[in-house]
Every structure is written in C-alpha cells, then in structure tokens.
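Everything on this sheet refers to the single structure shown next.
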Amino acid sequence: MTFAQVKCERHKTSKIIICYTIRWKRLSMTFKSILTMSNKRILMLLAICLVVFAAAKLFFNSQSASKMTHTMISGRIWHLSGLNNLDVNSKLKVKSILNAPVERLTEPLRVVHLDLKGAAPKVSYFQQIFPLISNLGANGILLEYDDMFPYEGDLEVLRSPFAYNVEELNEIKWLAGLYNLELIPLVQVFGNLEFVLKHEQFFDLRDVGSFQNSLNILARGSLKLIKEMLTQVLKRHPQTRWFHIGAHEILDHGESKDSNNWLKQNSQGTRLLLISYMTKVCQFLVELKPGIKPIFWEDMLRNISLNLIEEFDLSSIASPMIWKYDSNIDVYQMVNLLHNYQQAGFHTVWFASAFKGTSGISQRWTPINYHLENHLAWLKVIASISKHSIIQFGGIVLTGWQRYEHQTVLCELFPVAIPSLAICLAALKYGSINHTAEIQLQRLLGCNVTLKNNMCLNTGTFAGSEIYYMVHKIHSELENSIIKITKDYHLKGPFSPEQRKNNSYPLNIKYFKKELTRLVKEWDHFMKNFKMEMIAIYFPDTVEKWMKENVNQYMNELHSLAKVVESIS
Numbered sequence: 009m010t011f012a013q014v015k016c017e018r019h020k021t022s023k024i025i026i027c028y029t030i031r032w033k034r035l036s037m038t039f040k041s042i043l044t045m046s047n048k049r050i051l052m053l054l055a056i057c058l059v060v061f062a063a064a065k066l067f068f069n070s071q072s073a074s075k076m077t078h079t080m081i082s083g084r085i086w087h088l089s090g091l092n093n094l095d096v097n098s099k100l101k102v103k104s105i106l107n108a109p110v111e112r113l114t115e116p117l118r119v120v121h122l123d124l125k126g127a128a129p130k131v132s133y134f135q136q137i138f139p140l141i142s143n144l145g146a147n148g149i150l151l152e153y154d155d156m157f158p159y160e161g162d163l164e165v166l167r168s169p170f171a172y173n174v175e176e177l178n179e180i181k182w183l184a185g186l187y188n189l190e191l192i193p194l195v196q197v198f199g200n201l202e203f204v205l206k207h208e209q210f211f212d213l214r215d216v217g218s219f220q221n222s223l224n225i226l227a228r229g230s231l232k233l234i235k236e237m238l239t240q241v242l243k244r245h246p247q248t249r250w251f252h253i254g255a256h257e258i259l260d261h262g263e264s265k266d267s268n269n270w271l272k273q274n275s276q277g278t279r280l281l282l283i284s285y286m287t288k289v290c291q292f293l294v295e296l297k298p299g300i301k302p303i304f305w306e307d308m309l310r311n312i313s314l315n316l317i318e319e320f321d322l323s324s325i326a327s328p329m330i331w332k333y334d335s336n337i338d339v340y341q342m343v344n345l346l347h348n349y350q351q352a353g354f355h356t357v358w359f360a361s362a363f364k365g366t367s368g369i370s371q372r373w374t375p376i377n378y379h380l381e382n383h384l385a386w387l388k389v390i391a392s393i394s395k396h397s398i399i400q401f402g403g404i405v406l407t408g409w410q411r412y413e414h415q416t417v418l419c420e421l422f423p424v425a426i427p428s429l430a431i432c433l434a435a436l437k438y439g440s441i442n443h444t445a446e447i448q449l450q451r452l453l454g455c456n457v458t459l460k461n462n463m464c465l466n467t468g469t470f471a472g473s474e475i476y477y478m479v480h481k482i483h484s485e486l487e488n489s490i491i492k493i494t495k496d497y498h499l500k501g502p503f504s505p506e507q508r509k510n511n512s513y514p515l516n517i518k519y520f521k522k523e524l525t526r527l528v529k530e531w532d533h534f535m536k537n538f539k540m541e542m543i544a545i546y547f548p549d550t551v552e553k554w555m556k557e558n559v560n561q562y563m564n565e566l567h568s569l570a571k572v573v574e575s576i577s
C-alpha cells in the first residue's frame, strides 16, 4: 500500500464517522416526539457505540497499513524493520536528528551501491528497481549522492541542474522502506570531491590548486564545509543507522602549503593528519546523532600504526570497509588484516565487492564472470570470519561505480549491469550459482544468464531490459557494421583518394550506395528508439553524454560516408 493509499483509507474512515453521526442525528429528530427519556438514553448509547466502532476501524486500518511495510518479500533472507515514518511534506529539524532512535546491527547486510555521480536515474526508475533488488536478496542501499542531493543555502551551488528535490528524495526513502532496503547515505569528506572543488568559491580549499579531487583539510573553512554537507544530508536521513564518509584513494594528500608547514612540526607525517581529520569528522556525526555508526573506506588506514588508531579512539565510533574488486583475494592476508583491526579496537568490519564499474574506465558491457569470481572470493573470507571468530561482520556492499571520477567517462549503465548484479547477489545468497539460484534468476529477470556468452539470453523482463539489449547491439554491431562496409569490394576502387579527387563515378558505386543507404536508415531508426528508451530512465545530460562517448563518432562516420557517396553519384 502506498503512502497516498494509506492517506486515502484514513480519509474514507473519517467520512464513515461523519456519516454515522449524521444518520444518528436524523434518526433522533424523527423519533424525538415519541420517545421517552429512557429510550433516548438507549439510542444515545447506541450512537456512542457506532462512533467508537468507526474510530476503531480507523485505528486498525492505520495499523494494517503500517504492518504492510514489514511483510517479508519473496527471495529475502534477512528481515529488516519497515518504512520510515516520515511526513514527506515536513521540514526536518536538527532536534529530530538527535532524538531519532538508532537500532543496533542484528544480521549482516547485503547492500547495493548506487553511484549517482554519473548517469543518475529518474525517481521513476527507483520505483522499478527497488522491488527487484529486494527480491534478488539485497536488504540495503548505499546511496552516493555526489551532486544529486538537494543541498540548500550556501551549498546550493553543489547541486546538479537535475538534482533530486526534497519531495523526490522523500519518495526514494519511502520506496526503500517499502521494500525493506536499509538506506545508507554516502558523502565524500576528503577525496573524490570534484563536484565541490570544481566551483570557484571553493578553489582555495583544494589540496593542490590545479587538481579538484582532494580537500586541503587544514585550510580555513574546509571542516566547516564538510560539517554543513553532513548536517544537511543527515537531516534528510534522521533514522539512518550508518553513514558512509568515503575517504579512499586520496590523491596528492599532504602536498599543499598548509600541509607542508604542518608536516615540518609533526614527525608522524600525513598518517597523523589523516586519522586526526577522520576522527573529527566521525565525532561530529556521532555528536549530531548519538548512536549512529560512521563507515569509511579503509585503504588509507592500512599504513597507520595500531597504536595511533587506538590513541585517537577511532575504533570506538566508526567501522572500516575493506574493498577488493577482483578475484585475487588472499584469504590468509585478509584474516591477518582483520586481526589487526580487531587489535586496534574495531568491533565491526564491512566488505565491498563490485558488480560493475571496476573492469575498465570506459567499459560499456559488463563482464559477468569477472564480477562473479570477485564475490566467490569474498565468500571464502566471510567463511573465515565465522571459522576464526575474528571480528563482527557488518555486511557486504556490492559497489556499482558509474564513473571513476566525477568528470571521467561513464562506465556501464545500471540496466546493462542488472544480470551481473543478480548473479552476484545469488552467489552471496546461495553460496554458488546452483540450480535453485538459476531458477530464481530466470523467474526474476525473465531470461537465462549464461556466463559463457556473457549475456542474458531470450527476452528479459527486468526494468531497463530494452536498454540492455539495445546497448548490446550497439556494443557488438555498430562499429563492426561500419568496418565491414568500408572494406566492401565495391567501395575500395571508387572511394580511393584519387577517385574522390577526380569525382569519378564507376558503375559499381550504385550497389554500394544502395547498401549504405539501407545501413544509415537502419541505424538512424534504431538510435531514435534507443534515445526514447534512455530518456525514460535518464536525464537529458546523461543521454547526451552516453551518445557522445559511445555512438556519435560511428554515426558521424556513417553519415559522412553517405554524404560523400551522394556528392559523386
């Protein structure tokens, strides 16, 4: 039942109460002259009973609507608490953040990462993919906002022209609650801050003036900026139990003038600078919302001594997330790393795998087996935790990177990676891709996923399947069709540089022109339909960017060839 339907049911019930009251008044007036005082009292008692009955119906309808958000969904293993009780029209206040209850971790989560720093989908697509993600076995969403969050005030400049507004954000949260998907916000606080540092008013906060990726954490105003970003995001997520602060792959860290001056006075170098800053950020979150647990990428922490981690007491307020995106995971080394984090005082550790976006910066078609092997390797590590009782396992995040950095080319589109996501979640759920997993995948996707062909065979029914098959055609046929026709026997002679210069017209060009015209019309018609499918899911800037990176150069070549043929015919 949707939020609107719940309100509608309550409205109907209110009308029932009014209706019963009006009917009673009319009945009372009709028989007033013939009733004794005792009869009036009896009827009055009956009227009160009717009103109580109607009120009870209102109450139980409300309870029923609430319970619907707690219903177990087919394909789920771990059960989560239901829908966040938020008024989608209300403005959240800091006070509500401090008082919002935080539940403790009971079971490990399977979290799907949605990277919004490129090809962010429209909210209507969330309506389609959240039930699928839930039924595939996930119970959480890690939402990396980048410039898609509705920042306000001085931070409004950070917003993309297509950023979600508050109402859309509330709908995303509501949908996540409806399908029992724990929503975890991710806001970068150190590296990967291109969406902030590309703006002129924040140039002075760059660690290196010519680079816009890393924050100068010692600059006046840096911590204030990060605190304001975190505050605004947390205000919109008052019931979140975790908050991811990023902090990985920090490039050029410690190269600013401020950092150099600081390093001259501190012998422990950039390690001390990093952990000091991370601790301040995590402490701020915990003070803003007591009970929340910050999460951070741990790769920058590996070279920091255990004593230094213990000294800053980071382990008491935050949890590390270890990421590894290929199958080359040494279980023995990983167990040792987990032991180290346990000795440093951390109680919980998270893992991060990948279902897309890690096999190439401009990857167009997702290599399913590559990502499956990554998850099978992680399963061995997860088993080792249970075997050795090393540290509590918080959960695993299946990352789906959309761009390596804010301004690089797009990786695979989300619809293209859905079969990979499904396979990876099935592996985590069943321990391998067995017969039971294959049956479930076929039922939910409407197709057979074959690792040999790296393809979802037959016609899939999953959300975005049209884009999936159309991208496959572009990936496998567009460039090849142009190469094939340019090598055509009828083209080589008449289209040599000398022939073009002399504007000659051999007879065999007629055959080539006919074939070229057919090919141009076929691809033009295909691309028109493809753009329509894309615009149904993505904003115009994403459609334009993807076409520019993957299609335009080939279509321009095709049209240029057709233009030359037309000029000499």
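Just so you know, we're using the working numbering here: the sequence shown kicks off at 9 and counts up by one.
Using N, Cα and C, we set each Cβ at its ideal position, and we do this for glycine too.
Since the model is a prediction, treat every value here as computed from it, not as a measurement.
Item to check | Start and end residues, beta strand (DSSP E) containing PHE7 | outcome: Coverage of the chain is limited to positions 9 through 577, which leaves residue 7 absent and any answer about it impossible.
Item to check | Where the alpha helix (DSSP H) through TRP409 begins and ends | outcome: Within the sequence shown, the letter at position 401 stands for residue 409. It is not in any alpha helix (DSSP H) - TRP409 carries neither H nor E in the DSSP assignment.
Checklist entry - Pick from ASN462, ILE390, VAL559 and ARG451: whose alpha carbon is nearest that of ARG118? => result In the sequence shown, counting from the first residue as 1, residue 118 sits at position 110. Closest option to ARG118, Cα to Cα, is ILE390.
Checklist entry - Using the C-alpha atoms, what's the distance from TRP409 back to LEU238? => result Stepping through the sequence shown from its first residue, residue 238 is reached at position 230. Stepping through the sequence shown from its first residue, residue 409 is reached at position 401. Distance between the alpha carbons of LEU238 and TRP409 is about 22 Å.
Checklist entry - With DSSP run on the structure shown, which of helix, strand or coil describes THR458? => result Along the sequence shown, one-based indexing puts residue 458 at 450. In the structure shown, THR458 sits in a strand (DSSP, three-state: E or B).
Item to check | Per-residue DSSP class, three states only, for GLN561 | outcome: By one-based count along the sequence shown, residue 561 stands at place 553. Three-state DSSP puts GLN561 in a helix.
Item to check | Burial state of LYS556 (16 or more Cβ within 10 Å) | outcome: Translated into positions along the sequence shown, residue 556 becomes position 548. LYS556 comes out exposed.
Next on the checklist: Closest to ARG244 by C-alpha separation, out of PRO375, TYR159, LYS388 and GLN351, would be which residue?
Outcome noted: By 1-based counting over the sequence shown, the position of residue 244 is 236. If we check each option's Cα against that of ARG244, TYR159 comes out closest.
Checklist entry - At what residues does the alpha helix (DSSP H) containing GLY185 begin and finish? => result Taking the first residue of the sequence shown as 1, we reach residue 185 at position 177. That run of the alpha helix (DSSP H) goes 174 to 186.
Checklist entry - Given a threshold of 16 other Cβ atoms within 10 Å of its Cβ, counted over all protein chains shown, does PRO548 qualify as buried or as exposed? => result Translated into positions along the sequence shown, residue 548 becomes position 540. The residue is exposed, with fewer than 16 neighbouring Cβ atoms inside 10 Å.
Item to check | Residues of its chain near GLN350, where Cβ-Cβ distance is below 7 Å and the 5 sequence neighbours each way are ignored | outcome: Taking the first residue of the sequence shown as position 1, residue 350 is located at position 342. The answer, listed in chain order, is ILE398 and ILE399.
Checklist entry - Hey, quick one: how far does the alpha helix (DSSP H) through ARG526 stretch, first residue to last? => result Your numbering for residue 526 matches position 518 in the sequence shown. That run of the alpha helix (DSSP H) goes 517 to 545.
Next on the checklist: Within 8 Å, do at least three Cβ pairs link the region 348 to 363 to the region 321 to 330?
Outcome noted: yes
Checklist entry - Can you give the Cα-Cα distance for ALA544 and ILE475, rounded to whole angstroms? => result Along the sequence shown, read from residue 1 onward, the residue named residue 544 stands at position 536. Along the sequence shown, read from residue 1 onward, the residue named residue 475 stands at position 467. Going by the C-alpha atoms only, they are around 10 Å apart.
Next on the checklist: Does GLN341 pass the burial test, meaning 16 or more other C-beta atoms within 10 Å, or should it be called exposed?
Outcome noted: By 1-based counting over the sequence shown, the position of residue 341 is 333. It is exposed - the Cβ of GLN341 has fewer than 16 other Cβ atoms within 10 Å.
Checklist entry - Can you give the Cα-Cα distance for GLU176 and PHE138, rounded to whole angstroms? => result If you number the sequence shown from 1, residue 176 lands on position 168. If you number the sequence shown from 1, residue 138 lands on position 130. Spanning the two alpha carbons is a distance of roughly 15 Å.
Checklist entry - Hey, how far is the Cα of PHE211 from the Cα of GLN220? => result In the sequence shown, residue 211 corresponds to position 203, counting from 1. In the sequence shown, residue 220 corresponds to position 212, counting from 1. Those two C-alpha atoms are separated by around 8 Å.
Checklist entry - For GLY277, which of helix, strand or coil comes out of DSSP? => result Within the sequence shown, residue 277 is the residue found at index 269, counting from 1. GLY277 falls in the helix class under three-state DSSP.
Item to check | Residues sharing a beta bridge with LEU191, DSSP | outcome: Here the question's residue 191 lines up with position 183 in the sequence shown. According to DSSP, which records beta bridges pairwise, LEU191 is partnered with ILE149.
Next on the checklist: Using only CA atoms, which one of LYS529, VAL551 and PRO246 lies nearest to HIS567?
Outcome noted: Within the sequence shown, numbered from 1, the residue matching residue 567 stands at position 559. When only C-alpha atoms are compared, the closest one is LYS529.
Item to check | Backbone CA spacing between GLY403 and LEU436 [nearest angstrom] | outcome: Your numbering for residue 403 matches position 395 in the sequence shown. Your numbering for residue 436 matches position 428 in the sequence shown. Between GLY403 and LEU436, the C-alpha separation is close to 11 Å.
Next on the checklist: Looking at the secondary structure, which residues open and close the beta strand (DSSP E) in which PRO302 lies?
Outcome noted: Here residue 302 corresponds to residue number 294 of the sequence shown, with the count starting at 1. That run of the beta strand (DSSP E) goes 301 to 305.
Checklist entry - Using the C-alpha atoms, what's the distance from ASN377 back to GLY439? => result Residue 439 sits at position 431 when you count from the first residue of the sequence shown. Residue 377 sits at position 369 when you count from the first residue of the sequence shown. The straight-line gap from Cα to Cα measures roughly 15 Å.
Next on the checklist: Considering only the alpha carbon of each residue, which of ALA360, PHE470 and ASP307 lies closest to HIS121?
Outcome noted: Taking the sequence shown and counting its residues from 1, one reaches residue 121 at position 113. Nearest C-alpha to HIS121: ALA360.
Next on the checklist: Here's a check: name, in chain order, each residue in its chain whose Cβ is nearer than 8 Å to the Cβ of LEU429, leaving out the five neighbours to either side.
Outcome noted: Position 421 of the sequence shown holds residue 429. Within the same chain, LEU429 has close Cβ partners VAL120, ILE141, LEU144, PHE363, LYS364, LEU406 and GLY408.
Item to check | Beta-carbon separation (whole angstroms), VAL343 vs SER392, contact threshold 8 Å | outcome: Here residue 343 is taken as the residue at index 335 of the sequence shown, counted from 1. Here residue 392 is taken as the residue at index 384 of the sequence shown, counted from 1. That pair is a contact at about 5 Å.
Next on the checklist: For a test of the three-state rule: what should DSSP assign to GLY402, helix, strand or coil?
Outcome noted: Reading the sequence shown from its first residue, position 394 is the one you call residue 402. Strand, per DSSP.
Item to check | Beta-bridge partners of ILE330, as assigned by DSSP | outcome: Mapped onto the sequence shown, residue 330 falls at position 322. Partner(s): PHE359.
Item to check | Sequence-distant residues of the same chain with beta carbon closer than 8 Å to ILE369, five excluded per side | outcome: Within the sequence shown, residue 369 is the residue found at index 361, counting from 1. Here the set comprises TYR412, THR416, VAL417 and CYS419.
Item to check | Within 9 Å, strictly: CB atoms of PRO193 and VAL241 | outcome: Along the sequence shown, read from residue 1 onward, the residue named residue 193 stands at position 185. Along the sequence shown, read from residue 1 onward, the residue named residue 241 stands at position 233. Contact flag set, yes.
Checklist entry - For ILE180 versus LEU213, is the C-beta spacing smaller than 9 Å? => result Taking the first residue of the sequence shown as position 1, residue 180 is located at position 172. Taking the first residue of the sequence shown as position 1, residue 213 is located at position 205. No, Cβ-Cβ distance for ILE180 and LEU213 is not below 9 Å.
Next on the checklist: Give me, in chain order, the residues of the same chain whose beta-carbon lies closer than 7 Å to that of LEU524; leave out the 5 immediate sequence neighbours on both sides.
Outcome noted: Locating residue 524 in the sequence shown gives position 516, counting from the first residue. Once the five neighbours on either side are set aside, the close Cβ partners of LEU524 are ILE493, LEU569, ALA570 and VAL573.
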